[in-house]
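>
Residue numbers (my numbering): 911 to 1170.
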């Protein structure tokens, strides 16, 4: 529980600053709107996001990042593809170099209950993570009736393979649970709130070997399809491969998103 409390503390100690930042665009872009009815009829959507970020934790300094998302939803099927990458330097020294790719597939079996499968690949050069990938299968609950208001709850059993740089720790193979909550809500005619939270414990040692990740963002319409987006990413690993690597990694991102 100490790790979880640290994770919550690292997030909420910046609460006042984040609230101020989030409120500014709400007034700047308050007169814009988009054709919601037309968007809700679409079975797919995609976005590209370019940003500049400030980070603290294992990677401190200035960072450039890029993200891409594609979602396809029909009556009984939902496919999601996402990729994000962060890279930055401080005084010609690379201080952040990490990325993550995510593929999810859901098949509805009854009402909003789905069979869920996921594939995740990620790396973090600064945290000595050469690569980590896992494949999971389980169940999910999803409300995808309205693309502007979505709630997805996922519980997967995953098999994970982890390889570290510099032989600082032996490669790890483990079975884990992936508990994931994702949401998107329309908070005004011109703004959306998106968030996700994941908990990934090792089945054999869940109190020591686990990871937490919180990603939350708010975006404001500038002029469709352009959005101003501010987001935070907080990653916590309670069992890092070395004592020199910090458990908590916090990143703030501000940039422009193009959504179609």
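For each residue, glycine too, the CB sits at the ideal point set by N, CA and C.
These numbers come from a predicted model, not from an experiment.
(1) Whole angstroms are fine: how far does the CA of residue 983 sit from the CA of residue 998?
(2) Could you check which residue in 1006, 972, 1003 and 1038 has the C-alpha nearest to that of residue 1153?
(3) Return the CA-CA distance between residue 1012 and residue 1169, expressed in angstroms with no decimal places.
(4) Taking DSSP's pairing of strands, which residues face residue 1156 in a bridge?
(5) May I ask you to list the residues that DSSP assigns as paired with residue 979?
(6) Looking at residue 990: is its Cβ nearer than 8 Å to the Cβ of residue 1014?
(7) Within 10 Å of its beta-carbon, does residue 1040 have 16 or more other beta-carbons around it, so buried, or fewer, so exposed?
(8) From the DSSP secondary-structure annotation, give me the bridge partner or partners of residue 1007.
(9) Please classify residue 1076: does DSSP put it in a helix, a strand, or coil?
(10) From which residue to which residue does the beta strand (DSSP E) around residue 1146 run?
(11) Can at least three beta-carbon pairs, one atom from the segment 1094–1106 and one from the segment 1071–1082, be found at a separation below 8 Å?
(12) Throw me the rounded Cβ distance for the residue 1101 and residue 1130 pair, which I believe falls under 8 Å.
(13) Should residue 1034 be labelled buried (16 or more other beta-carbon atoms within 10 Å of its own) or exposed?
(14) I need the straight-line Cα distance from residue 953 to residue 959, nearest angstrom please.
(15) Just tell me which of 1107, 1105 and 1028 has its CA closest to the CA of residue 1070.
(16) Taking the alpha carbon of residue 986 as the reference point, which residue from 979, 995 and 1019 has its own alpha carbon closest?
(17) For residue 1042, which of 1050, 1048, 1031 and 1052 has the nearest alpha-carbon?
(18) So with Cβ pairs under 8 Å, would you call residue 1095 a contact of chain D?
Working from what's here:
(1) Here residue 998 refers to the residue found at position 88 of the chain shown. Here residue 983 refers to the residue found at position 73 of the chain shown. Straight-line Cα distance between these residues: approximately 35 Å.
(2) Position 243 of the chain shown, counted from the start, is the residue given in the question as residue 1153. Measuring from the Cα of residue 1153, the nearest candidate turns out to be 1038.
(3) As a first step, residue 1012 must be located in the chain shown, where it is residue number 102. As a first step, residue 1169 must be located in the chain shown, where it is residue number 259. The alpha-carbon atoms of residue 1012 and residue 1169 are separated by roughly 19 Å.
(4) By 1-based counting over the chain shown, the position of residue 1156 is 246. Bridge partners of residue 1156: none, in fact.
(5) On the chain shown, residue 979 is found 69 positions in, with the first residue counted as 1. Its beta-bridge partners are 957 and 992.
(6) Locating residue 990 in the chain shown gives position 80, where the first residue counts as 1. Locating residue 1014 in the chain shown gives position 104, where the first residue counts as 1. Yes. Within cutoff.
(7) Here the question's residue 1040 lines up with position 130 in the chain shown. Looking at its Cβ environment, which holds fewer than 16 other Cβ atoms inside 10 Å, residue 1040 is exposed.
(8) As a first step, residue 1007 is located in the chain shown; it is residue number 97 there, counting from the start. Looking at the DSSP assignment, residue 1007 forms a beta bridge with 997.
(9) If you number the chain shown from 1, residue 1076 lands on position 166. Residue state, collapsed to three classes: helix.
(10) In the chain shown, the residue the question calls residue 1146 occupies position 236. Where residue 1146 is concerned, the enclosing beta strand (DSSP E) stretches over 1136–1147.
(11) no
(12) Locating residue 1101 in the chain shown gives position 191, where the first residue counts as 1. Locating residue 1130 in the chain shown gives position 220, where the first residue counts as 1. Their Cβ separation, rounded to whole angstroms, is 5 Å, which keeps residue 1101 and residue 1130 in contact under 8 Å.
(13) In the chain shown, the residue the question calls residue 1034 occupies position 124. Residue 1034 comes out buried.
(14) Reading the chain shown from its first residue, position 43 is the one you call residue 953. Reading the chain shown from its first residue, position 49 is the one you call residue 959. Distance between the alpha carbons of residue 953 and residue 959: 21 Å.
(15) Residue 1070 sits at position 160 when you count from the first residue of the chain shown. The shortest C-alpha separation from residue 1070 is found at 1028.
(16) Within the chain shown, numbered from 1, the residue matching residue 986 stands at position 76. Out of 979, 995 and 1019, 1019 has the C-alpha closest to the C-alpha of residue 986.
(17) Here residue 1042 refers to the residue found at position 132 of the chain shown. It is 1031 whose Cα lies nearest to the Cα of residue 1042.
(18) Of the protein chains in this structure there is only one, and it is not chain D.
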